[in-house]
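These notes are about the structure you will find just below.
Residue numbers (my numbering): 10 to 307.
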């Protein structure tokens, strides 16, 4: 597969073979030396976890050891499109998929299929990119029979345990669909530490603004009380009272605006995180559906 790059000297677009990955080539137009980026790949397992980047040689080793299945997806660094592993390794298109081992309707077992023993692989520590936020949940990993062990602990996040099985080999749970006759890829909630911190800070600032506003209101009242005590006649007392009410009004107004604005920002951040989480959940469900239909077509 060729590698596309741009010459830093003349901005000429170049295309070199993947055998030159990690090497230096010379631009035929301006004779400048251009470094070819290393051939790095990312792997997405059927349960939605990403691993990489790793060089193509190591990816080939994973494939030769049976760690890459037809349900996995691959992404080459510099590309924005995931592709099925069978598009890179044509041997996977000829191999049987887990869906093919599902009993036919004529041989349906009402008790349901028993848990299949799946070998666990170790992809080595340090192969998970910084953007991966799916956790390794001990309880969920024990319940699933189609997961791999990659030897590294991704970032912290809330995991949703897979749901029960169904005779048709497809089931839904709170985290999305589950593909397979016993258990499938479970949805793992994404977390956004920076957004959660900002939400907490806006909440705290809102309460702080409320406390400061109350103290300022009390201060305005105490500052105008001597004016009421020293006022002569009804006009003086009315003037002092109007001054106190005017000051209290503006303090309360600014306090209300500040508190409402800060709490609104906190709720807006929460709603954005919910939207992003629901989008990720829908994407996960769609991906599982595509894998299920793809397995049925085989």
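For glycine and all other residues, C-beta sits at the position ideal for the given N, C-alpha and C.
Express the C-alpha separation of residue j and residue i in angstroms, rounding to a whole number.
| i | j | result |
| --- | --- | --- |
| residue 141 | residue 95 | For residue 141, the predicted structure reports a pLDDT of 41, less than 50, and the residue's modelled location is therefore unreliable. The matter cannot be settled from this model. |
| residue 54 | residue 101 | 15 Å |
| residue 264 | residue 205 | 24 Å |
| residue 17 | residue 38 | 12 Å |
| residue 210 | residue 52 | 36 Å |
| residue 220 | residue 214 | 10 Å |
| residue 113 | residue 305 | Note on residue 113: pLDDT 44, under 50, position unreliable in the model; the coordinate value appears next. Near 12 Å, if we compare the C-alpha coordinates of residue 305 and residue 113. |
| residue 24 | residue 36 | 10 Å |
| residue 248 | residue 270 | 33 Å |
| residue 294 | residue 208 | 28 Å |
| residue 56 | residue 14 | 33 Å |
| residue 20 | residue 46 | 16 Å |
| residue 266 | residue 237 | 29 Å |
| residue 99 | residue 29 | 23 Å |
Please list the terminal residues of the continuous alpha helix (DSSP H) segment that includes residue i.
| i | result |
| --- | --- |
| residue 263 | 242 to 306 |
| residue 65 | 65 to 73 |
| residue 212 | 202 to 239 |
| residue 94 | 94 to 97 |
Short check: CB of residue i to CB of residue j, under 8 Å?
| i | j | result |
| --- | --- | --- |
| residue 229 | residue 268 | no |
| residue 97 | residue 83 | yes |
| residue 201 | residue 280 | no |
| residue 86 | residue 49 | yes |
| residue 232 | residue 240 | no |
Where does residue i land, buried or exposed, given buried means 16+ other C-beta within 10 angstroms?
| i | result |
| --- | --- |
| residue 277 | exposed |
| residue 297 | buried |
| residue 300 | buried |
| residue 72 | buried |
| residue 44 | exposed |
Taking the beta strand (DSSP E) that residue i falls in, what are its first and last residues?
| i | result |
| --- | --- |
| residue 24 | 22 to 25 |
| residue 77 | Per DSSP, residue 77 belongs to no beta strand (DSSP E) and is neither H nor E. |
| residue 13 | 12 to 15 |
| residue 82 | 82 to 85 |
Just to confirm the assignment: which complete alpha helix (DSSP H) runs, minimum length 4, are found wholly within the stretch 35 to 62? none
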